[in-house]
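Visitor:
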Amino acid sequence: MSRWRFLLPLAAASAWNRRATLGLTLLAVILASTLLLAAERLRHDARHSFAQAVAGSDLIVGARGSPLQLVLHALFRVGEASGPISWRSYRQIAADPAVAWSIPLALGDSHRGYPVIGTNGDYFRHFRHGPGIPLQFSAGRAFAETGPGLFEAVLGAEAARQLGYRPGSQLTVSHGSGPLPSASHQDKPLTVVGVLAATGTPVDRGIHVPLAAFTALHLDWQGGQPLPGLQIPAEHVAKFDLTPHEIDAFLLGLHQRSTVFSLQRRIAAFRDEPLQAALPGIVLDQLWHSLAFGERLLRGLSWLILALSLCGMLAVMLAGLGERRRELAILRAVGAGMPQIAALLLLESLLLGLLGTAASVLLLAGLTSQCAPWLATHWGIVGQSPWPQGDELPLLAAILATALLAGLLPAWRASRLALADGLTPRL
Amino acid sequence: MIANPSLPALAVRALRYQWPGNPEFTLNLPDFTVDREHSLFLHGPSGSGKTTLLNLLGGVLRPQAGEIELLGQPFSAWPARRRDAFRADHIGFIFQQFNLIPYLSVLDNVLLPCRFSPLRARRAGDPAASARTLLAALEIGGELLARPAHALSVGQQQRVAAARALIGGPEILIADEPTSALDAGRQSAFVELLLAQARQHRSSVVFVSHDLRLASRFTAVRELPS
Ligand SMILES: Nc1ncnc2c1ncn2[C@@H]1O[C@H](COP(=O)(O)OP(=O)(O)O)[C@@H](O)[C@H]1O
Ligand SMILES: [Mg+2]
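If you're matching them up, the sequences are chains A and B in order.
With my numbering, the residue at position 163 of the first sequence is 289, and numbering never jumps.
With my numbering, the residue at position 85 of the second sequence is 152, and numbering never jumps.
Dropping the structure here:
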């Protein structure tokens, strides 16, 4: 037993002696396994955060077109709107006896890159995320929707934090979205009255305003441009009927999930205008399905890169056998058997594998926390833990096993070196 | 069971060995024995198979014909694993040069056999103290003990190698031209020290060299014909 115990410090000392070459190999292993883990984590986090965001609604209704486009636009504010739908249609469908609750959504404006969502108080009452968690206020209250409370806004956690707004802050909404919106509604500033607790979904980035305010902002606008010569000041908007004519989409919650398909059919057959109702979970499944090839490709490439880095390790170890002939022959002479020599080499690849995976876990944790805001902002992907979880653990084990496997060849070669190979100095 | 002192330390019978893939060279060795606590001087021209023979005696190679008995045991008939264990327990090796693991300290190099053989560790008593005593007897001491082996002169390296071969008192000491890298003056001094320590540890010695001038100090001399 004790003949084996000595091997670990010996392997470590020997590796340390060759740290320059092994260090480079280690670097390659670290980068490759970081890539592999990152791809896996991105895939998992994307799926998870998308699933969290859509979990609360049974149906998403919008103008007829691509269901994926509708879901992405309504829930993630990614991509184009599928077209407006009339308020009357919304009221009609919301009155269906199968419907428990509905949330209207008017989209398209933004404030400093954060999407503005025109909606009503039902949003805060009925919206659910993750496993049925309702929205909660970390500060302030919901907007009032009418009277003096018309121009009020409720901010998602991330939007409030990034913009530095608290209840009482004022903001003006820009028409359109993107970094350089075309025009702004500067004459009608909104007051922040509430901030939502973080949800880990796109809600965190939203700036929620009453639908009536959304309508009021666009009173003196037509076709995406301010009407020349017409300016309706904020004090006077109350005189107008602020019921919206159009919204972009609405979310539905049903009394019984089992009625979802029949309601979906009724909405598809709606006579007044062409509508569609999308089941968000199914739409996402289809999305993942269509992305599966890309995912597999990415994963395949990552494995390939890992394999290349391990080939590098193999090459370094095999080349190292040349200069280690002496060392190994001496160990054989003082009593190390072939299995022990093989173990010594395997320990080295295990050591490299362990160091490589450990360092890549650390590197990835750092990367994850650095990139989290960017991923959430641009891709709607909310990271979970910076540390490996779930599928990443078997992946780590697989990387380690592959490193060990790569060590088998040098181990086998080394154990076959005759004592004589080390004895006679050769050129 | 191993320490039957009446049997010879080493006995070779009708040995034949050929390297795989090298049909030009065949080592043929008729019978010879080395008695307990005796020393054999084995000489022969370069390429005559001296190193090959020592590989066979150390059990790293296995003869195609004939037998090697060590301490009365059918050594060459054993499987590799058992030969490895026996080598660790009962044989000390000194090579021509580059005997030491360069990144280990002098002391750690000397202690190597005790790491692989509990028996030798036990026989050394306190291995570290025993290593120091051996090294002192071979005129290595002080700050040299902690130095990495690559920072020693060749002469010092060979003496450290001798200490390593002797620690834990192995019954058999095998030396493959250990003096060929030393200058003439130091050669005889080294052989002197080595043989004195071997006597003290009651080890039998097989000493290989092509330099016949050293032969007179040994109890027996054999030639390996080319
Ligand atoms: N690993 C090896 N593979 C094949 N042939 C070898 C090997 N080592 C030594 N030989 C051959 O064995 C013969 C004896 O070599 P060696 O035992 O080293 O001689 P010596 O030590 O007496 O100089 C030489 O002809 C040499 O070419
Ligand atoms: Mg030789």
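Glycine included, each C-beta is placed from N, C-alpha and C at the ideal position.
The model shown is predicted, which means the values in this text are computed figures rather than measured ones.
With a threshold of 8 angstroms, are at least 3 pairs of Cβ atoms found where one atom belongs to the region 147–165 of chain A and the other to the region 373–385 of chain A?
Guide: no
Visitor: Return the residues of the region 470–487 of chain A that lie within a Cβ-Cβ distance of less than 8 angstroms from chain B, sorted by chain order.
Guide: none
Visitor: For A:T272, count neighbouring Cβ atoms within 10 angstroms of its own Cβ and tell me buried if that reaches 16, exposed if not.
Guide: Taking the first sequence and counting its residues from 1, the one referred to as residue 272 of chain A is at position 146. It is exposed - the Cβ of A:T272 has fewer than 16 other Cβ atoms within 10 Å.
Visitor: Buried or exposed for A:F419, going by 16 or more other Cβ atoms inside 10 Å?
Guide: Here residue 419 of chain A corresponds to residue number 293 of the first sequence, with the count starting at 1. Under this definition A:F419 is an exposed residue.
Visitor: Determine, using beta carbons only, whether B:Y170 comes closer than 8 angstroms to chain A.
Guide: Stepping through the second sequence from its first residue, residue 170 of chain B is reached at position 103. Yes, because at least one Cβ of chain A sits closer than 8 angstroms to the Cβ of B:Y170.
Visitor: Figure out for me which residue from B:V177, B:L128, B:T100, B:L94 has the closest Cα to the Cα of B:K117.
Guide: Here residue 117 of chain B is taken as the residue at index 50 of the second sequence, counted from 1. Of the listed residues, the one whose Cα sits closest to B:K117 is B:L94.
Visitor: Check whether the Cβ of A:F419 sits closer than 7 angstroms to any heavy atom of ligand 1, and report yes or no.
Guide: In the first sequence, the residue the question calls residue 419 of chain A occupies position 293. No, the beta carbon of A:F419 sits no closer than 7 angstroms to any heavy atom of ligand 1.
Visitor: On the DSSP bridge list, what partners appear for A:F263?
Guide: Position 137 of the first sequence holds residue 263 of chain A. According to DSSP, A:F263 bridges with A:L322.
Visitor: Assuming B:Q223 and B:L249 are in contact, meaning their beta carbons sit under 8 angstroms apart, how far apart are those beta carbons, in whole angstroms?
Guide: To locate residue 223 of chain B, count along the second sequence from 1; it is residue 156. To locate residue 249 of chain B, count along the second sequence from 1; it is residue 182. Rounded, the Cβ-Cβ distance is 10 angstroms, inconsistent with contact.
Visitor: B:E37 and B:A76: beta carbons closer than 8 angstroms?
Guide: Absent from the model: residue 37 of chain B. The displayed extent of chain B is 68 to 293, so no value can be given.
Visitor: A:E453 touches chain B at which residues, Cβ-Cβ below 8 angstroms?
Guide: Along the first sequence, read from residue 1 onward, the residue named residue 453 of chain A stands at position 327. Chain B residues near A:E453: I168, P169.
Visitor: Mind pulling the chain B residues with CB within less than 7 angstroms of A:G461?
Guide: Locating residue 461 of chain A in the first sequence gives position 335, where the first residue counts as 1. Within 7 angstroms of the CB of A:G461, the CB atoms of chain B belong to D151, R154, A155, P180, F183, S184, in sequence order along the chain.
Visitor: Looking only at its own chain, which residues have a Cβ that is under 6 angstroms from the Cβ of A:P135, when we skip the five neighbours before and after it?
Guide: Within the first sequence, numbered from 1, the residue matching residue 135 of chain A stands at position 9. Around A:P135: no qualifying Cβ.
Visitor: Assuming B:G133 contacts B:F153 under a Cβ cut-off of 8 angstroms, what Cβ separation, rounded to an integer in Å, is found between them?
Guide: As a position in the second sequence, residue 133 of chain B is number 66, starting the count at 1. As a position in the second sequence, residue 153 of chain B is number 86, starting the count at 1. About 18 angstroms separates the two Cβ atoms, so there is no contact after all.
Visitor: Mind checking which residues open and close the alpha helix (DSSP H) that includes B:H157?
Guide: Numbered from 1 along the second sequence, position 90 holds the residue referred to as residue 157 of chain B. Per DSSP, B:H157 belongs to the alpha helix (DSSP H) from 147–157.
Visitor: Beta-carbon within less than 7 angstroms of A:L481's beta-carbon, same chain only, minus the 5 sequence neighbours each way: which residues are those?
Guide: Here residue 481 of chain A refers to the residue found at position 355 when the first sequence is read from its first residue. Excluding sequence neighbours, A:L481 sits near L152.
Visitor: Which residues of the region 107–137 of chain B have a Cβ closer than 8 angstroms to any Cβ of chain A? Give them in chain order.
Guide: Those residues of the region 107–137 of chain B that come within reach of chain A (Cβ to Cβ, closer than 8 angstroms) are T118, T119, L121, N122, G125, V127, L128.
Visitor: Does the region 404–415 of chain A come close enough to the region 183–199 of chain A that 3 or more CB-CB pairs lie under 8 angstroms?
Guide: yes
Visitor: Compute the distance between the beta-carbons of A:I219 and A:F253, then report whether it is under 8 angstroms.
Guide: As a working note, residue 219 of chain A is residue 93 in the first sequence. As a working note, residue 253 of chain A is residue 127 in the first sequence. Contact: no.
Visitor: In chain A, what lies closer than 7 angstroms to B:R148 by C-beta?
Guide: The count along the second sequence starts at 1 and reaches residue 148 of chain B at position 81. G463, listed in chain order.
Visitor: Cβ of B:R231 less than 8 angstroms from any chain A Cβ?
Guide: For the purposes of this step, residue 231 of chain B is taken as the residue at position 164 of the second sequence. Closer than 8 angstroms to some Cβ of chain A, the Cβ of B:R231 qualifies, so yes.
Visitor: Can you pull the chain A neighbours of B:F274, defined as C-beta to C-beta under 8 angstroms?
Guide: Numbered from its first residue, the second sequence carries residue 274 of chain B at position 207. By Cβ distance, chain A contributes nothing, its closest Cβ being about 15 angstroms from B:F274, past 8 angstroms.
Visitor: Rounded to the nearest angstrom, what separates B:G209 and B:L202 at their Cα positions?
Guide: As a first step, residue 209 of chain B is located in the second sequence; it is residue number 142 there, counting from the start. As a first step, residue 202 of chain B is located in the second sequence; it is residue number 135 there, counting from the start. As the crow flies, the alpha-carbon of B:G209 is around 10 angstroms from that of B:L202.
Visitor: Consider the C-beta atom of A:N143 and the heavy atoms of ligand 1; say whether any pair is separated by less than 7 angstroms.
Guide: Taking the first sequence and counting its residues from 1, one reaches residue 143 of chain A at position 17. Flag unset: Cβ of A:N143 not near ligand 1.
Visitor: Over the uninterrupted beta strand (DSSP E) stretch that includes A:F376, give me the two end residues.
Guide: As a working note, residue 376 of chain A is residue 250 in the first sequence. Segment 375–380, the beta strand (DSSP E) holding A:F376.
Visitor: For the structure I just gave you, are there three or more beta carbon pairs, one from the region 86–100 of chain B and one from the region 258–276 of chain B, closer than 8 angstroms?
Guide: no
Visitor: Quick check on DSSP: helix, strand or coil for B:R280?
Guide: Position 213 of the second sequence, counted from the first residue, corresponds to residue 280 of chain B. Note: B:R280 maps to helix in three-state DSSP.
Visitor: Would you identify the three-state DSSP class for A:A141, choosing helix, strand or coil?
Guide: In the first sequence, counting from the first residue as 1, residue 141 of chain A sits at position 15. The answer is helix: DSSP assigns A:A141 an H, G or I state.
Visitor: Taking the alpha-carbon of A:W227 as reference, which of A:H237, A:R214, A:N246 has the nearest alpha-carbon?
Guide: Counted from its first residue, the first sequence places residue 227 of chain A at position 101. Cα-wise, what sits closest to A:W227 is A:N246.
Visitor: Where A:R267 and A:G234 are concerned, what is the direct C-alpha to C-alpha distance, given to the nearest angstrom?
Guide: Walking along the first sequence from the start, residue 267 of chain A turns up at place 141. Walking along the first sequence from the start, residue 234 of chain A turns up at place 108. Taking the straight line joining both Cα atoms gives about 24 angstroms.
Visitor: One question on the structure: do A:V155 and A:L478 come within less than 8 angstroms of each other, judged by their Cβ atoms?
Guide: Mapped onto the first sequence, residue 155 of chain A falls at position 29. Mapped onto the first sequence, residue 478 of chain A falls at position 352. Contact: yes.
Visitor: Taking A:R542 as the reference, give the member of B:R189, B:F142, B:L128 with the closest Cα.
Guide: Within the first sequence, residue 542 of chain A is the residue found at index 416, counting from 1. Ranking B:R189, B:F142, B:L128 by Cα distance to A:R542 puts B:L128 first.
Visitor: Does the CB of A:S140 have a neighbour CB from chain B at under 8 angstroms?
Guide: Within the first sequence, residue 140 of chain A is the residue found at index 14, counting from 1. Chain B contact via Cβ: present.
Visitor: Report yes or no: do the region 461–470 of chain A and the region 171–191 of chain A share at least 3 C-beta pairs separated by less than 8 angstroms?
Guide: no
Visitor: Could you please give the first and the last residue of the uninterrupted alpha helix (DSSP H) stretch that includes A:R190?
Guide: Counting from one through the first sequence, the residue named residue 190 of chain A turns up at place 64. In this chain, A:R190 is not harboured by any alpha helix (DSSP H), its DSSP state being neither H nor E.
Visitor: Any beta-carbon of chain A closer than 8 angstroms to the one on B:F285?
Guide: Position 218 of the second sequence holds residue 285 of chain B. It does not; no Cβ of chain A falls within 8 angstroms.
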